[in-house]
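Asker: Before I ask anything, let me first share the structure, which is written out below as structure tokens.
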Amino acid sequence: MAYFDIDRIHTLEHFFDAEPPVIDPTLQRILDYLNPCPAFIADRYCTLLGWNKAAGLILDQIGPLIREDRNIVWLSLMKQELRELVVNWEDFAGDFLTMLRNYQGQYRWDPWYDDFIRHCKQASPHFSQLWHMGESSTDPNTIREVNHPQAGNMRFELTSFQVYAQADLRCCIYTPIEDSETETKITNLLRVVN
């Protein structure tokens, strides 16, 4: 794997292997059963391995995900469409920076993290600002809002947990807030795409 190259500052191509990672079919089925809760699984490099249709309804608003865009840290910082879609964007991005910080601490020997962080700092003033602010909330249950162009405002409670200890996979589930119209809205959106 090649390391940081200043000439390629606006792409992540050099941070990924030629073949994108593939999620285990069992894990994909679990994600699918979680509909209508948007859910995804990411690896220790914060690369999206799989997501369900409900998450796809939100991710589709930012366009197709090329391999480089599957890094959720990069995606949350570099895609203007996502920053406009997520109401509390700084908190949303902070969730993934916390994940990145935790993995960086756990894998100090892996140069990928320092190279990726340096790359993000140079490519995004938002990343630099949030990174220098320090640790984000470690509360595993937090509220996130999305202003979907068709469904309007939807509010979710984020729950994030480790899937497989040996594989360093993390699952993030956005559960519709009780007593809100979010579950109805996302269920209606899912009916349209099915």
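If you're matching positions, the sequence shown starts at 406 in our numbering and goes up one per residue.
Backbone N, C-alpha and C fix where the C-beta goes; we use that ideal spot for every residue, glycine too.
How many whole angstroms separate the CB atoms of W514 and K526, which I take to be in contact at a CB cut-off of 8 Å?
Answerer: With 8 Å as the limit, W514 and K526 do not qualify as a contact, their Cβ atoms being about 21 Å apart.
Asker: What does the alpha-carbon distance come out to for the pair E583 and S565?
Answerer: Computed Cα separation, rounded: 18 Å.
Asker: Taking the CB atoms as reference points, tell me whether T587 and R560 lie closer together than 7 Å.
Answerer: Yes, these two residues count as a Cβ contact at 7 Å.
Asker: First and last residue of the alpha helix (DSSP H) that includes R575?
Answerer: Run containing R575: none in the alpha helix (DSSP H); it sits in the beta strand (DSSP E), R575 to P581.
Asker: Between the beta-carbon of R458 and the beta-carbon of L594, is there less than 7 Å?
Answerer: Per the sequence shown, residue 458 should be read as Lys rather than Arg. Not a contact, by the Cβ cut-off of 7 Å.
Asker: Need the endpoints of the alpha helix (DSSP H) that E489 sits in, please.
Answerer: First-last of the alpha helix (DSSP H) with E489: Q485 to L490.
Asker: Tell whether a beta-carbon distance below 7 Å holds between S529 and L482.
Answerer: Contact flag set, yes.
Asker: Count the other CB atoms within 10 Å of the CB of T452; is the residue buried (16 or more) or exposed (fewer)?
Answerer: It is buried - the Cβ of T452 has at least 16 other Cβ atoms within 10 Å.
Asker: Within this structure, are the beta carbons of I477 and F501 separated by less than 7 Å?
Answerer: Cβ distance < 7 Å, so I477 and F501 count as in contact.
Asker: Looking only at DSSP bridge pairs, what is A528 linked to?
Answerer: Paired residue(s): none; A528 is not in a bridge.
Asker: As a quick exercise: from D429, L439, L470 and V551, pick the residue whose alpha carbon is nearest that of K590.
Answerer: With distances taken between Cα atoms, K590 lies closest to V551.
Asker: Within the continuous beta strand (DSSP E) that includes A459, where are the two ends?
Answerer: No beta strand (DSSP E) holds A459; the alpha helix (DSSP H) holding it covers K458 to L464.
Asker: Rounded to whole angstroms, what's the CA-CA distance from L574 to D519? Just pull it up for me.
Answerer: Taking the straight line joining both Cα atoms gives about 20 Å.
Asker: Considering only C-alpha positions, which residue in the set C442, P443 and L462 is nearest to V598?
Answerer: It is L462.
Asker: How many Å lie between I578 and N493 at the Cα?
Answerer: Taking the straight line from one Cα to the other gives about 17 Å.
Asker: So, are the CB atoms of L432 and A444 less than 7 Å apart?
Answerer: No. Outside cutoff.
Asker: List the endpoints of the continuous beta strand (DSSP E) containing I548.
Answerer: Segment T547 to H553, the beta strand (DSSP E) holding I548.
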